[in-house]
Amino acid sequence: METFRFQPGETPVLLSIPHMGTMIPADIAGTMTDTALAQPDVDRHLDRLYHFAPALGIGFLTSLCSRYVIDLNRDPEGNQQHPAADPTELCPLTTFDRSPVYKRGLEPDGAEIGRRVGAYWRPYHERLRDELRALRDRFGVAVLFDAHSVRSEVPRFFDGPLPDFNLGTGDGCSAAQPLVVRLMNVLSASERYSAALNGRLRGGYIIRSYGDPDDNIHAIQLELTQSVYMDEAAPYRFRPDLAAEVRPSLERLMSAVVEWSWEKATGRRRAAYL
1 METFRFQPGE TPVLLSIPHM GTMIPADIAG TMTDTALAQP DVDRHLDRLY HFAPALGIGF
61 LTSLCSRYVI DLNRDPEGNQ QHPAADPTEL CPLTTFDRSP VYKRGLEPDG AEIGRRVGAY
121 WRPYHERLRD ELRALRDRFG VAVLFDAHSV RSEVPRFFDG PLPDFNLGTG DGCSAAQPLV
181 VRLMNVLSAS ERYSAALNGR LRGGYIIRSY GDPDDNIHAI QLELTQSVYM DEAAPYRFRP
241 DLAAEVRPSL ERLMSAVVEW SWEKATGRRR AAYL
């Protein structure tokens, strides 16, 4: 079973979208509630929103499986790194609105969670790890851009509305400060959209695990509020009108990442690749 899609790029930058998948295998779907099967917490439409990325030479890795099957941005050992006070689990038992994901008595046990780690979690992370190392070895530097989206208000996790752009670097540990400053300068130039750095969303397991600036691997997470590009309520329609307004800001942001990565890439490797 194909659990992710990967397309290599032509720059040291990799775009990861771990929460966009909607696939739920039939045996797992049979244990879930109707509310869960509607998948209200999926990071919908990010492939459409970031459709410009390949033209910038950015490779991408996207999950096909739903985050309700297993959350790729959680520690498989169960350690909580999420800054929210009431985070969801590796195999979430409740939605963001605290509705049950599983029918009573059909929650996954330890053996089932372990099976899902092997079948769905590990393949994504092996591909992610291997590609970042390959980029670093080829170019001398690698940058992971971990793309997410979130409802503008999620009372379970946060008080009040979130900023439009929420940039996280694991409290400053996952990426070089000059890169982060450059990206925040791009976001601060917008008069339409608000932005925060390491605010209420500071980055999850992925960037904290793979970001290693001392080893020339940098990782950044962006949580974009869904209200800027889609309808946040069911049926969760993509809004081309809104997307057309926010996409230039995203393109400037991603272009800045690519530009910075080329500045840090070794000249010999860049010249050989081009």
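For the sequence shown, position 31 matches number 31 in the working numbering, and the numbering has no gaps at all. We treat Cβ as the ideally placed atom computed from N, Cα and C, and that holds for glycine.
- Thr35 and Ile58 have their C-alpha atoms spaced approximately 35 Å apart.
- Of all alpha-carbon atoms in Pro163, His51 and Tyr124, the one lying nearest the alpha-carbon of Asn73 is that of Tyr124.
- A straight line joining the alpha-carbon of Thr31 with that of Asp75 spans about 23 Å.
- Ile28 and Val69 have their C-alpha atoms roughly 7 Å apart.
- Straight-line measurement puts the Cα of Leu64 at about 7 Å from the Cα of Arg5.
- It is roughly 10 Å from the alpha-carbon of Cys173 to the alpha-carbon of Arg202.
- Between the beta-carbon of Ile17 and that of Thr62 there is about 4 Å, and that keeps the pair under the 8 Å contact cut.
- Here DSSP, grouped into helix, strand and coil, assigns Gly21 to coil.
- Spanning the alpha carbons of Ala38 and Leu93 requires a straight line of approximately 15 Å.
- Three or more Cβ pairs closer than 8 Å define a contact, and the region 94-105 falls short of that threshold against the region 117-133.
- For the options Gln7, Gly105, Arg48 and Phe52, the alpha carbon positioned closest to that of Arg252 is the one of Phe52.
- Ser249 sits away from Val143, with the two beta carbons spaced by 8 Å or more.
- In the structure shown, the three-state DSSP call for Ile206 is helix.
- Under a 10 Å Cβ-count criterion, Ser188 is classified as exposed, with fewer than 16 other Cβ atoms of the shown protein chains found around its own Cβ.
- Judged by their CB atoms, Asp137 and Ala219 are not nearer to each other than the 8 Å cut-off.
- Ranking Glu191, Tyr236, Pro155 and Glu263 by CA distance to the CA of Pro87 puts Pro155 first.
- Straight across, the Cα-Cα distance linking Asp109 with Leu90 is about 12 Å.
- The closest CA to that of Ala265, considering only Val150, Ser152, Val141 and Val258, is found on Val141.
- Taking 4 residues as the minimum length, the alpha helix (DSSP H) runs contained wholly in the region 120-178 are 122-139, in order along the chain.
- For Ile113, the three-state secondary structure derived from DSSP is helix.
- Taking a contact to require three or more Cβ pairs closer than 8 Å, the region 229-236 and the region 183-198 do not qualify as touching.
- Between Tyr210 and the set Gly170, Thr95, Phe60 and Pro161, the nearest pair of CA atoms involves Gly170.
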